[in-house]
Amino acid sequence: AQTVTQSQPEMSVQEAETVTLSCTYDTSENNYYLFWYKQPPSRQMILVIRQEAYKQQNATENRFSVNFQKAAKSFSLKISDSQLGDTAMYFCASVGLKTSYDKVIFGPGTSLSVIP
Amino acid sequence: NAGVTQTPKFRILKIGQSMTLQCTQDMNHNYMYWYRQDPGMGLKLIYYSVGAGITDKGEVPNGYNVSRSTTEDFPLRLELAAPSQTSVYFCANRQGDGGELFFGEGSRLTVL
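Chains A and B, in that order, give the protein sequences.
The letter at position 90 of the first sequence is residue 90 when you use our numbering, and the numbering goes up by one with no holes.
The letter at position 87 of the second sequence is residue 1087 when you use our numbering, and the numbering goes up by one with no holes.
See below:
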């Protein structure tokens, strides 16, 4: 079965500091993708970053980067220079492309508060 | 382009009533998904479709039905609404492979 776990229900960080959100997953697939999504109070779902399992290089998008540890099935999100607009729920998600038939499964989320 | 459009945005149902949440896309993506999000929780997959005429169950399919007669439309049917179905429902699509999910704005359903 495909599962995604986020062990930190809530986190806070001072503005301009760095914070890391944890995610672990379980899949039997060899070919899969991992995502981080942001959900601000507006309820809109916004893609933050994407990682292909075959790529060893960690994905980076401006202030957002991931630490992808394939053997450990870990996919953490690092936010640098935190801004007030980063306050949101953050969801980790996985999609397997073969035996999971493209089901996209989400973790329970981490609520991040950026403190001025 | 509208992307993924859900209607209605808000609805109140009485226990035992039925309704259909509509989802339509103009992105020509094969993959479509329905999720529910309970307050303070993550998204749970209800049903999904990898193309017209093909649907499959997700994590929490009980109490729901879907159909996919066209690429554009993926309605979610609630039969015999129950208070446990009070939630925000999101429809989403994907192009496939590593493609990201594109979400609708969500539909807030309350069952009283």
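All C-beta atoms in this analysis are idealised placements derived from N, C-alpha and C, irrespective of residue type, glycine included.
- [ ] Check the Cβ-Cβ distances between A:Pro41 and every residue of chain B, and say whether any is below 8 Å.
- [x] no
- [ ] Indicate whether the contact test is met: 3 or more Cβ pairs, each with one atom in the stretch 52-71 of chain A and one in the stretch 1012-1029 of chain B, closer than 8 Å.
- [x] no
TODO: Could you tell me if B:Ser1018 is buried or exposed, where buried requires 16 or more neighbouring beta carbons within 10 angstroms of its beta carbon?
DONE: exposed
Open item on the list: For a cutoff of 8 Å on Cβ pairs, would you count B:Tyr1064 as touching chain A?
Closed with: no
TODO: Would you verify that the beta carbon of B:Asp1038 is, or is not, closer than 8 Å to some beta carbon of chain A?
DONE: no
- [ ] Select from the stretch 88-111 of chain A all residues with a C-beta closer than 7 Å to any C-beta belonging to chain B, and list them in chain order.
- [x] Phe91, Leu97, Tyr101, Asp102, Lys103, Val104, Ile105, Phe106, Gly107, Pro108, Gly109
Open item on the list: By DSSP's criteria, B:Asp1073 is part of a beta bridge. Which residues make up the other side?
Closed with: B:Thr1024
- [ ] Determine, using beta-carbon pairs with one atom in the stretch 85-94 of chain A and one in the stretch 1056-1066 of chain B, whether at least three such pairs fall under 8 Å.
- [x] no
Task: Cutoff 7 Å; reference B:Thr1007; Cβ partners in own chain excluding five residues on either side - done: Gln1022
Task: Contact check, A:Asp102 vs B:Tyr1035, beta carbons under 8 Å - done: no
Open item on the list: Would A:Tyr25 pass as an interface residue toward chain B - the criterion being a Cβ-Cβ separation below 8 Å?
Closed with: no
Open item on the list: Let's test the definition: count the other Cβ atoms within 10 Å of the Cβ of A:Ala1 and tell me whether it reaches 16, buried, or not, exposed.
Closed with: exposed
Open item on the list: Going by DSSP in three states, A:Ser42 sits in which element: helix, strand or coil?
Closed with: coil
TODO: Say whether chain B places a C-beta atom closer than 8 Å to the C-beta of A:Leu77.
DONE: no
Open item on the list: According to DSSP, is A:Gly96 part of a helix, a strand, or is it coil?
Closed with: strand
Open item on the list: What would DSSP say about A:Gln69, mapped onto helix, strand or coil?
Closed with: strand
Task: Chain-ordered residues of the stretch 38-71 of chain A with a beta carbon less than 8 Å from chain B - done: Arg43, Gln44, Met45, Leu47, Arg50, Glu52
Open item on the list: List, in chain order, every chain A residue whose beta-carbon is nearer than 9 Å to that of B:Leu1045.
Closed with: Lys103, Val104, Ile105, Phe106
TODO: With B:Lys1044 as the anchor, note down where its beta strand (DSSP E) starts and where it stops.
DONE: 1043-1051
Open item on the list: For B:Ile1015 and A:Thr27, what's the separation of their Cα atoms in angstroms?
Closed with: 38 Å
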